[in-house]
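If you're matching positions, the sequence shown starts at 0 in numbering that gives the first Met the number 0 and goes up one per residue.
For glycine and all other residues, C-beta sits at the position ideal for the given N, C-alpha and C.
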Amino acid sequence: MYIEEQHRTHKILESLGFVVVAMSKKDHGSDVIIAKREDSGLTIYGLGEIKTRKMAGEVPLTRHYLEKNGGYLVTYDKIRRGCDLAFRLGVPFFLIVRMLHDNVMMIWRITDEEGLFLFDFDRRFSSSQKTCNGGVAQRDNAYLPVDKAKIIDCAFR
């Protein structure tokens with residue numbers, strides 16, 4: 000289910016005028032290259048990590064849930080690896096989360112082209128789901144604030 004939903008997220012981004020190029024390796028450092036068509040051809044706009052989620056454990060994942068629980072939880076290692084790779088390419092790093100219950104996409108531009116963080120976020124060791132298939136892991140996690148995300152309604156896309 001999740002890979003099909005991730006492909007749907009790609010299509011939504013493409014409907015917004017982007018070209019989305021998936022990485023060939025499953026565990027890369029980011030999921031996609033985000034580009035735009037320009038007169039001279041394709042230009043890389045950024046690197047992105049894409050998450051498509053329905054639940055936060057046993058609770059529906061919604062904006063309200065994120066606001067009440069300190070933001071969107073993502074492993075800091077995912078942030079660090081994506082930011083490092085984006086910096087080497089001289090582009091921003093984005094975390095893109097499509098929340099199925101709210102039918103919205105939240106997009107955090109985490110770094111600029113110089114690799115500098117664009118906002119502060121909480122970071123702490125905590126328990127989280129190991130993979131989308133379950134399990135529990137104790138990790139260094141980042142909590143991205145809802146008010147730093149661009150929110151896109153996906154209902155009509």
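**OP:** Can you say whether residue 102 is buried or exposed, counting buried as having 16 or more other CB atoms within 10 angstroms of its CB?
**Re:** exposed
Original post:
Do you know whose CA, among 152, 4, 72, 3, lies nearest residue 136's CA?
Top reply: 72
Subject >> residue 16 versus residue 112: straight-line alpha-carbon distance, rounded >> reply: 20 Å
Original post:
What residue does the alpha helix (DSSP H) around residue 85 start on, and which one ends it?
Top reply: 75 to 88
Original post:
Is it the case that the Cβ atoms of residue 91 and residue 74 are separated by a distance below 8 Å?
Top reply: no
Subject >> Residue from 48, 123, 81 whose Cα sits closest to the Cα of residue 142 >> reply: 123
Original post:
How would you label residue 154, buried or exposed, when you count the other beta carbons within 10 angstroms and need 16 or more for buried?
Top reply: exposed
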